[in-house]
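A quick write-up on the structure given underneath.
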Amino acid sequence: MDLDRVGYDIVMVGTSWGGLAALRTLVAGLPEEFGMAVTIVQHRHKDSDHLLRQLLQESSPLTVCEIEDKMPIEHGRIYVAPPDYHTLVEPGYFSLSTEAPVRYSRPSIDVAFGSAADSYTHRAVGVMLTGANADGAEGLRLISDRGGLAFVQDPATAESPMMPRAAARAVPRARVMALPEIVRFLAELPAGAPEREDA
Amino acid sequence: MAVPVTGEESLPGAPYHYNPDLERLEIELLLEGVFRHYGFDFRSYAYASIRRRLWKRVEGEGLRNISALQARILHDPEAMERLLLDLSVNVTAMFRDPSFYREFRERVVPLLRTYPFIRIWHAGCSTGEEVFSMAILLEEEGLYDRARLYATDINDVVLQRAKQGIFPLDRMQEYTENYLRAGGKRSFSEYYTAKYDGAIFSPSLTRNIVFSQHNLVTDRSFSEFHVIFCRNVLIYFDRELQNHVHALFYDSLVMFGVLALGSKETLKFSQYESCYEKLSPTEKIYRKVN
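From first to last, the protein sequence lines stand for chains F and Z.
Numbering follows our numbering, with no gaps: position 156 of the first sequence is 172.
Numbering follows our numbering, with no gaps: position 238 of the second sequence is 241.
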C-alpha cells in the first residue's frame, strides 16, 4: 500500500464496553492538527450519558462531539456514536437509525464500519481495539476490501483479546500492532482533501 | 457487487470490484420504480439506511443484486409488501428515553392543562409503543379524557399491529423499568394482562387514540395540533425531506404548540430552528413561537 499517494478522510474506531482506557490512549496521541475525522463506536449501555464524550475530551486537544442526526463530518474532530442507535456514515455527514440491533448491539460496529466503507471506500481507515465479542470483524473486512486501511490492536496486548482476534482473522491484510504503534501510524497518515457534502 | 454487512455467511476473501456509483444508480432506479408503480416515495430517504434495508431484502428474497430486487417487486406485489415492512419497521420501546417522559411531565403537561381539549399527533407511530406510553402518561396526569391522540404511519401492517396493543411479554421488565424512571405513578402491571407470550394492554387505553394511515412525504396536514411527536422518524430522511416535513409540522401546530423530536435529532441542521424555542435544556422538546 502506497501511503504517500493515498489520502484518508475518516478513521473508524471500534471497541466494546471496557475500551475506555484504550480510547483515551488513542485520542491523547492524535495531534492538534490531525487532518481526518475520527468516529468512535463503543458498545455501551443504552442509557449511558455524555460521560464518554467528556472523558475523551479531557484527554484530547481535538474537539469531541456526540453524534446527532445529519451532523456534518469535519476533519480534525472526534465523533462519538450515541448509545441505542446505529450510526451510519454518509458522504460528509452522519445519519442515525433505530433498526434492530445487529448481533445484540446498537450501535453495531459492523454497521458503522460497513457504511463508512461504502461511503468513503479507499479513503476510510478502520481500527479494532479491545473487546469481548466478534462485532466489527465484518465491517473491518469491508473497509479493507474497498481499499481502505485496517488496523487491529495486537490481541496479546489488548485487555480483552476476542474482538481484535476475530478482526485479525477476518482481515488477513490488517496491520496488527500494539496500541501506541497504531496511534503513531494514524498520526502520520496523509489526510485527504476536505470533503464537500454530497460531492 | 456489494455485500451487506449483516450477512452471516462468509464474504469473498479477495478484494472485489465495488462500484458505488453503479450501486447508487440501481438503488435510484428501484426507488423510482416503487414510486411510479406503487406510489410510495422513498426517493429522499437517508441513503445509507435505505441501502442496508434493500440489501437485507435482496438477501431475504434469495437474490443477488438490487436490480434483481427491482424486477421482483415490480412484478410481485407481495414482495413489495415485504419490502415495505423492511423499510418501515424500527425497533423501539415503551417509555424509550425515560428522561424524555419526565421532562414532558414537568414542562409540557402544565401547558396542556390550560387547554380544554388537546389534540396530539404521533407522526410515524410504527408499532405503537410511544402512543401507548403517552396514553398512560396522560391518564395518570388526569388529562386523557380531554385528549385525542392521532397515531399515523405510512405502513398499514404496523398500524394494525399497533391497534391491537399487544407487546412482547419478554420486554415488560425493561418497559417497567423505563416506566418507573419516566415518573410513572402506579404499578406498570396494572395496564396489561399477560397471555401466552404477549402483554395485552387495557383496551381503555385506546379509547382516545385514532389510528390512521398517513404519508409524511406526500400527504398534507389533517388538523391543528397542540403537540406533535415525531421521534426517530426524521432520521430516515435526507435533509431536504426533513425540511419538507418540518414545514408540514410547522403548519400543523397551533401557536405555542409543542414539537417533540428524538433525543439525537435536532432542529439545528434544519431551516426551522428560528421558529421554535427550547422547552427543555436536556430533551428535544420545542415550542412554536413564531
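Just so it is clear, CB atoms sit at the ideal spot from N, CA and C, and this is done for glycine as well.
The model shown is predicted, which means the values in this text are computed figures rather than measured ones.
(message) So for Trp-124 of chain Z, helix, strand or coil by DSSP?
(response) Strand, per DSSP.
(message) Based on DSSP bridge pairs, tell me the residues matched to Gln-169 of chain F.
(response) Per DSSP, F:Met-193.
(request) Establish whether the CB of Pro-196 of chain F and some CB of chain Z are separated by less than 9 Å. (result) It does not; no Cβ of chain Z falls within 9 Å.
(message) Please confirm whether Pro-5 of chain F has its beta-carbon closer than 9 Å to some beta-carbon of chain Z.
(response) Summary: the structure shown does not reach residue 5 of chain F, with chain F confined to residues 17 through 215, and so no result is reported for it.
(request) Check whether the Cβ atoms of Leu-112 of chain F and Pro-98 of chain F sit closer than 9 Å, and answer yes or no. (result) Result yes, Cβ atoms of Leu-112 of chain F and Pro-98 of chain F sit closer than 9 Å.
(message) Let me confirm a value: Glu-2 of chain Z is counted as buried when at least 16 other C-beta atoms fall within 10 Å, else exposed. Which label applies?
(response) With chain Z covering only 4 through 293, there is no way to say anything about residue 2 of chain Z.
(message) Quick check on the DSSP output: the alpha helix (DSSP H) that includes Asp-89 of chain Z runs from which residue to which?
(response) Per DSSP, Asp-89 of chain Z belongs to the alpha helix (DSSP H) from 80-91.
(request) Whole angstroms is fine: what's the gap from Tyr-104 of chain Z's alpha carbon to Arg-93 of chain F's? (result) Approximately 32 Å, taken between the alpha carbons.
(request) Give a yes or no on whether the minimum CB-CB distance between Ala-183 of chain F and chain Z is below 9 Å. (result) In terms of beta-carbon proximity, Ala-183 of chain F stays away from the interface with chain Z, with every pair separated by 9 Å or more.
(request) Report the rounded CA-to-CA distance for Ala-148 of chain F versus Val-230 of chain Z, giving the unit in angstroms. (result) Separation of Ala-148 of chain F and Val-230 of chain Z (C-alpha to C-alpha, rounded to the nearest whole angstrom) is 43 Å.
(request) Put Asn-293 of chain Z into one of helix, strand or coil per three-state DSSP. (result) For Asn-293 of chain Z, the secondary structure class from DSSP, reduced to helix, strand or coil, is coil.
(request) Measure the alpha-carbon distance for Arg-119 of chain F versus Tyr-194 of chain Z and round it to whole angstroms. (result) Per the coordinates, the alpha-carbon of Arg-119 of chain F lies some 31 Å from the alpha-carbon of Tyr-194 of chain Z.
(message) Do Asp-134 of chain F and Arg-99 of chain Z have their beta-carbon atoms positioned less than 9 Å apart in this structure?
(response) For Arg-99 of chain Z and Asp-134 of chain F, no; Cβs fall outside 9 Å.
(message) Using a Cβ-Cβ cutoff of less than 7 Å, which residues in the same chain neighbour Tyr-239 of chain Z once the five nearest sequence positions on both sides are dropped?
(response) These residues qualify, in order along the chain: Tyr-48, Ala-49 and Ser-52.
(request) Determine the burial state of Pro-47 of chain F: buried for a count of at least 16 other Cβ atoms within 10 Å of its Cβ, exposed for fewer. (result) Flag for Pro-47 of chain F reads exposed.
(request) Check whether the stretch 176-189 of chain F touches the stretch 25-36 of chain F, taking contact to mean three or more Cβ pairs, one atom from each stretch, closer than 8 Å. (result) Yes, since at least three Cβ pairs between the stretch 176-189 of chain F and the stretch 25-36 of chain F fall closer than 8 Å, the two stretches touch.
(message) Please confirm whether Pro-23 of chain Z has its beta-carbon closer than 9 Å to some beta-carbon of chain F.
(response) It does: the Cβ of Pro-23 of chain Z has a partner Cβ on chain F nearer than 9 Å.
(request) Decide if Tyr-199 of chain Z is buried, meaning its Cβ has at least 16 other Cβ atoms within 10 Å, or exposed. (result) Exposed, since its Cβ has fewer than 16 Cβ neighbours within 10 Å.
(message) Counting C-beta neighbours from all protein chains within 10 Å, is the total for Ser-131 of chain F 16 or more, i.e. buried, or is it exposed?
(response) Buried, because 16 or more other Cβ atoms sit within 10 Å of the Cβ of Ser-131 of chain F.
(message) Could you check whether the Cβ of Pro-123 of chain F sits closer than 9 Å to any Cβ belonging to chain Z?
(response) For Pro-123 of chain F, the answer is no, since every Cβ of chain Z falls outside 9 Å of its Cβ.
(message) Let's test the definition: count the other Cβ atoms within 10 Å of the Cβ of His-61 of chain F and tell me whether it reaches 16, buried, or not, exposed.
(response) Label assigned to His-61 of chain F: exposed.
(request) Closer than 9 Å by beta-carbon distance: list the chain F residues that pair up with Glu-268 of chain Z, in chain order. (result) Chain F residues near Glu-268 of chain Z: Glu-84, Asp-85, Lys-86 and Leu-112.
(message) To the nearest angstrom, how far is the alpha carbon of Ser-277 of chain Z from that of Leu-90 of chain Z?
(response) Rounded to the nearest angstrom, the gap between the Cα atoms of Ser-277 of chain Z and Leu-90 of chain Z is 32 Å.
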